[in-house]
Amino acid sequence: MDKITSPADFQVAIQSPRLTVAVFKADWCSDCKFIDPFMPDVEQKYNDRLTLVEVDVDAVGDVSQEQNILGIPSFVAYSDGRELVRFVNKLRKSREEIEGFLDRALEVYLTIHK
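Okay, so the sequence shown: first residue is 1 according to the UniProt record's numbering, each after it adds one.
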């Protein structure tokens, strides 16, 4: 997963016509660490259909505020600079919940890009 380290990098990533899912995280976040072991497998599973990018909320704090990220880890799907759907809350997220969100993001994306 590519790491976004600046607001400019974030803008470039979300402007892509490809479905891009930003994963908002932080090093100090225990729920973020919980998803770390399985996220490479999730990324590989969806690699041909979407791009996952990691956004460190401490490194790009303004972006997190602009995107109204209230809890981490949070997942927000974008295409062509527009937000399509989000999975944002303060709860720990399971692999099944994350994959369910990615499936939903793909459905929304495919509806728009028919």
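Ideal Cβ placement from N, Cα and C applies to all residues, glycine included.
{"Item": "For Tyr78 and Cys29, I'd like the C-alpha separation in whole angstroms.", "Value": "23 Å"}
{"Item": "So, with DSSP's three-state summary, where would you put Val21?", "Value": "strand"}
{"Item": "Just reading off the beta strand (DSSP E) that Ser74 is part of, what are its end residues?", "Value": "Ser74 to Ser79"}
{"Item": "Under a Cβ-count criterion, where at least 16 other Cβ atoms within 10 Å of its own Cβ denotes burial, should Ile69 be classed as buried or exposed?", "Value": "buried"}
{"Item": "Below 7 Å CB to CB, which residues in the same chain sit around Arg92 once its five sequence neighbours on both sides are set aside?", "Value": "Asp31 and Phe34"}
{"Item": "Between which two residues does the beta strand (DSSP E) holding Phe87 run?", "Value": "Arg82 to Phe87"}
{"Item": "Look up Lys45 in the DSSP assignment and say whether it is helix, strand or coil.", "Value": "helix"}
{"Item": "Helix, strand or coil: which one does DSSP assign to Asp9?", "Value": "helix"}
{"Item": "Per DSSP, what kind of secondary structure is Lys93 in: helix, strand or coil?", "Value": "coil"}
{"Item": "Please state whether DSSP places Lys114 in a helix, a strand or coil.", "Value": "coil"}
{"Item": "My output table needs one value for Val63: the three-state DSSP class, helix, strand or coil.", "Value": "helix"}
{"Item": "Any idea if Val76 is buried or exposed, counting beta-carbon neighbours within 10 angstroms, 16 or more meaning buried?", "Value": "buried"}
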